[in-house]
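My numbering numbers the first residue of the sequence shown as 47 and each following residue consecutively.
Have a look at the structure below, then the notes.
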Amino acid sequence: MNTIAGWLIFLIATTVYWLTLEPTASFWDCGEFIACSYKLEVPHPPGAPFFLLFNRLFSFLAAGDVYKVAYFINLSSALASGFTILFLFWSIGMLALKLLPAGRQKSPTPADTLLILGASGIGALAYTFSDSFWFSAVEAEVYAMSSFFTAFVIWAMLKWEQTEDPQKAQRWLLLIAYMVGLSIGVHILNLVCLPALALIYYYKKQQEKQARPTFWGAVWAMAIGGAIILAIIVFIIPGLPELAGKFEIFFVNSLNLPFNSGLIFFSLLLLGGLIWGLVFSFRKQKHALHLALLMLTLVLIGYGSYGIVLIRAQFNPPINENDPSDAIRIVSYLKREQYGDRPLLYGPVFTARPVRSEKAAPLYRKDEAKGKYVIYDYKETYTYDKNMLFPRIYSREGSHVRMYRQILGLREGEEPTFADNIAFLLKHQIGHMYFRYFMWNFAGRESDIQNAGFLAPWDSDKDLPELLAKNKARNQYYSLPLLLGLLGLFFVYARNRQVFYFTLLLFFFMGIALVLYLNSPPIEPRERDYIYVGSFYAFAMWIGFGVMALADLINGLVKNKQLQAALATALCLPVPGIMVAEGWDDHDRSDRYFQVDMAKNILNSCAPNAILFTAGDNDTFPLWYVQEVEGFRTDVRVCNLSLFATDWYISQMKRQVYESTPLPISLEEKDFAAGVNEQVVVMKAPQLGSTQAEALYQKGVDLNTFFKLLQENHPVVRVPNPEYGNAIAILPSQKVYLKLNIDPGKVQSWLPKDKAQNLPGHMEWTLPIEQFFKNSLAVLNVVATNNANGWERPIYFAPTLGSTDYMGLEPYLQAEGFAYRLTPIKLGGAGDIFVNTDIMYENMMKKMFWRNLDRPDIHYNEDYRRFVLIARNAFARLAEQLIMEGKKDKAKKALLESLRLMPDASIPYDVYSVQYIQLLLLVDETAKAKEMAEVMARRAKEEIEYALRQQDLYSRNLMANLYTLNHIVQVFEQYQLPEAAQYKQWLQKYEGLLQ
């Protein structure tokens, strides 16, 4: 019965996930993972090789239809999540048996069985419909599969505990070890449950000895579990490759042997050591040692999926992040060194300053020409003037420092104390970054806006702004799952302390312990609730036990035990019921395509054989997906500026990929190798003398000359750095120029006629920053080299870049859709960047994809709304420029098409939509302008009054709504519309906030 019921719950969960499944690649890492699964490429560190291999198999289900690849890979997450629910159901059942009276644990009555099935079902379904787990279940991210491994090893450990035959029991331990090894190739979150599993091991061994478990015995068991985690994440995952790398360097550099000889020797040594240990322990009848070595061997076999990373990296696939193709690079890849590290036990505070730096371990790279591994730089260790135990407020990044002070109420210049450090831990890291997520899942969620809070049972939609009240992610559970889980927690504490401590450890280690380990900064690019789903998994067990607690409470009211069990289950059924009812509309992604459509729109904004500079995950990974999987616009080379600061990525950009020829980069490997030209400082050249240096600084620098001198290591562009025995690159002026090398006939098709006929002899501009990094240096080199090549390739910049990423080239850019093209002439038009209305109108009206953006029943969360904001702004700029050029009919068509494609009913008007009001008036669409103004003004008033009630006087949202209302008043007064008086009356109430 338990087996059948478990599979029924699996079927329910999997069906829900299948019905709400994303049909294509989601935002964030999903596009990258799908592309890398489809072609077995190398994603961002530390990779997920088993995840990729497994999903490569699922991609075959598409049967050659590239548009279905993402769907079937997403389906693997749905299935993994369904199996997670299955094992949760069975795990709750096994633990629930222990909560029965001792005499009935091995022979439960039919009423007991019914109660346990009800408890298991309610707990499993509550987790099925929990916000964070459901979110991961319908997209191609690693967290669904990671949750499956966590659920499986917990279930397997409980099966081991129930198995009395020692030989059969050992098989469960070996299976657990293998699954742990495989899980490393997905995500290491699975490892966090090991201390709790060690507690189960300890309890069973004490039971076999007929000894009572002790407090210190349990502590030692947990410590051993923690030591196993440490051994895996320190000594196995990066440790073994690092040791192999040291063998490799010794064999190649010291013994003059060929590359990979050290790796081969180390692999044979490790394999031989394991075989010898197994044989020795077997012959000497050392059972514990033999079992430990077998488990280690199986962990390593599972971990062996990382071999695919080395193999595929050596083939240089189009996506090959970090190029982990040798023993040195794979270590950096596994250690995630490109992301830096965070202090855990002792380190600086955010007001600290480095007082000393010292050389640490050398950094090697492979030199094929010399046949050696050469040192190109050294790691640095810094000594700071202000340090603290257990540092939580450590980041010295500008925006982080401001947020620390805001959260802690510290004035500028005020030094933080240890009490402030602990306050940040409790208030932000635990309160905001964990407890808020926990309450989202079991109490209710305010909205899908980043940093949204949770809902208390008494929170209602009364007096809320319209957009907040109608937000599909506003899910009110009335804290019913929370209350049922707390009831179960108290019940399990009273009934069985061993089960209580086991589930409490699961809850702690996969929740609060992760908070302490991750040591989050005060600002994250997105919500991180998916990290803590293991903790929510443990709470779902308590929800299941809450059914048993309720049955116990009604014991005096209902005498029939079977009726009692059925009634308790029925009374608790509304808990998962309200969760699925509230969560369906914001978790249903079944018809959502805009993330992929926007990627195609960005690519379709580019001319053939273009170079497109992007920056973030969401303006890069979806583009990678449509190119790698759907084969869309593979002539365009997408160049991510965050990665362009690395030697391996610049090398990749110098290779042909599909129809895209190599990027025009004149820098050679020696010029962009790791440790070389990492930073360029804009300063007067000290080698020239003050007068000549000043003259050059004022005149400006020819970029071609600068790169020639840079490649020659000329002293004019170098400043000695005695501490490291090298020289820092300098640019002798903030002004730069290029002598144009372009055929005027070549620009006729993409520049306005009046501009194309008057090309200047050179380009000149001022850099917006006084120091920049290798990625900006590489961008300037591409611009200069492409100019030297006669502008063979169109160069575009994504509209999502930061202002400094354009390197001062904005006057030379023209908008052609969702990308800005570099031109050889300074332009001017609507806004900072010129709009080429002929090209942009053609692109926006005929070449773009807008599937289902006009459907109000589809939920578009904040990630989508940001890109809709960009789209609406693009249409508005196009219309504005068309009006300036006297093309009112086209402007009207563009505005109305935008409102048709992205109506307020499906995606509410945003702060950029307010500019449509004046534009509509200019094209004689007065009624539509008034309609928009009424909606936006009313909402702005609601939002402002809500912010005032919440005493949120400094939020960006408040300022945006004040701007909206003020803009509407100004426009309506300008056009002498009668509604202006009403809107002005509203605005006057809030004039004090505008000061």
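Here a beta-carbon is modelled for each residue, glycine too, at the ideal position from N, C-alpha and C.
As the structure is a prediction and not an experimental result, all values here were calculated from the model.
Item, Value
"Let me know if Asn-236 comes out buried or exposed under the rule of 16 or more other beta-carbons within 10 Å of its beta-carbon.", "buried"
"Which ranges would you report for the beta strand (DSSP E) in the stretch 593-678 if only whole runs of at least 3 residues count?", "657-660"
"Please report how far the alpha carbon of Ala-876 lies from the alpha carbon of Asn-1012, in whole angstroms.", "Only weak support is given to the placement of Ala-876: the predicted model assigns it a pLDDT of 46, under 50, and the question is left unresolved by the model."
"Going by CA-CA distance only, name the one from Leu-915, Leu-1033 and Leu-967 that's closest to Ser-944.", "Leu-915"
"Closer than 8 Å is the cut-off here; do at least three beta carbon pairs connect the stretch 709-722 with the stretch 412-432?", "yes"
"Rounded to the nearest angstrom, what separates Asn-821 and Pro-363 at their Cα positions?", "21 Å"
"Given Ser-351, which residues of its chain have a CB within under 6 Å of its CB, disregarding the five upstream and five downstream residues?", "Pro-95, Phe-96 and Gly-231"
"Mapping DSSP to helix, strand and coil, what is Ala-876?", "Caution applies to Ala-876, whose pLDDT of 46 falls short of 50 and renders its modelled position unreliable; the value that the coordinates give is listed next. In the structure shown, Ala-876 sits in coil (DSSP, three-state: anything other than H, G, I, E or B)."
"List, from N- to C-terminal side, the alpha helix (DSSP H) runs of 4 residues or more that fit wholly inside the stretch 876-954.", "883-892, 908-930 and 934-947"
"Check whether the stretch 908-923 touches the stretch 854-869, taking contact to mean three or more Cβ pairs, one atom from each stretch, closer than 8 Å.", "yes"
"Thinking just about the alpha-carbon of each residue, which of Glu-288, Ser-506 and Arg-457 is nearest to the one in Lys-381?", "Glu-288"
"Report, in whole angstroms, the separation of the C-beta atoms of Gly-308 and Phe-326, which I expect to be a contact under 8 Å.", "Gly-308 to Phe-326, Cβ: 26 Å. No contact."
"Would you call the stretch 161-175 and the stretch 206-214 touching, i.e. three or more CB-CB distances under 8 Å?", "no"
"Using beta carbons (cut-off 7 Å, strictly below), is Phe-464 in contact with chain B?", "Judged by its chain identifiers, the structure shown contains no chain B, having just a single protein chain."
"May I ask you to report which of helix, strand or coil DSSP gives Thr-846?", "coil"
"Over the uninterrupted beta strand (DSSP E) stretch that includes Lys-987, give me the two end residues.", "No beta strand (DSSP E) holds Lys-987; the alpha helix (DSSP H) holding it covers 972-995."
"Would you mind sorting Ser-636 into buried or exposed? The rule is 16 or more other CB atoms within 10 Å of its CB.", "exposed"
"Which residues in the same chain as Asn-898 place their Cβ atom closer than 8 Å to its Cβ, once the five residues preceding and following it in sequence are excluded?", "Asp-637, Arg-638, Tyr-639, Phe-640 and Ile-904"
"Considering only DSSP beta bridges, list what His-1013 is partnered with.", "Answer is none; His-1013 lacks a bridge partner."
"Can you tell me which residues form a DSSP beta bridge with Pro-685?", "For the record, residue 685 in the displayed sequence is Cys; it is not Pro. Answer by DSSP bridge pairing, in chain order: Phe-659."
"Flag this pair as touching only if the stretch 883-900 and the stretch 942-959 have three or more C-beta atom pairs under 8 Å; answer yes or no.", "yes"
"Within 10 Å of its beta-carbon, does Asn-1110 have 16 or more other beta-carbons around it, so buried, or fewer, so exposed?", "What is shown of the chain runs 47 to 1041, which leaves residue 1110 out entirely."
"Does the distance from the CB of Gly-227 to the CB of Tyr-410 come in under 7 Å?", "no"
"Under a Cβ-count criterion, where at least 16 other Cβ atoms within 10 Å of its own Cβ denotes burial, should Ala-741 be classed as buried or exposed?", "exposed"
"Rounded to whole angstroms, what is the Cα-Cα separation between Asn-787 and Phe-752?", "17 Å"
"Kindly indicate which residue of Tyr-852, Val-765, Gln-1031 and Lys-716 has the alpha-carbon position closest to the one of Leu-734.", "Val-765"
"Would you give the residue range spanned by the alpha helix (DSSP H) that Met-699 belongs to?", "693-699"
"My assumption, with CB atoms under 8 Å, is that Ala-197 sits in contact with Phe-100. Please give the rounded CB distance.", "Their Cβ separation, rounded to whole angstroms, is 16 Å, which puts Ala-197 and Phe-100 out of contact at 8 Å."
"For Thr-463, which of helix, strand or coil comes out of DSSP?", "coil"
"Between which two residues does the alpha helix (DSSP H) containing Ile-119 stretch?", "115-143"
"Write down the C-beta distance between Ser-123 and Glu-78 rounded to the nearest angstrom, noting that I regard them as a contact closer than 8 Å.", "About 15 Å; that fails the 8 Å criterion."
"Please determine if the stretch 503-512 and the stretch 594-612 are in contact, where contact requires at least 3 C-beta pairs separated by less than 8 Å.", "no"
"Does the structure place the stretch 477-486 close enough to the stretch 436-446 that three or more beta carbon pairs sit under 8 Å?", "no"
"Quick one, which of Phe-546, Pro-567 and Ala-515 has its alpha-carbon nearest Arg-388's?", "Pro-567"
"Using only alpha-carbon positions, find the residue among Gly-490, Arg-448, Ala-244 and Val-1017 that is nearest to Asp-177.", "Gly-490"
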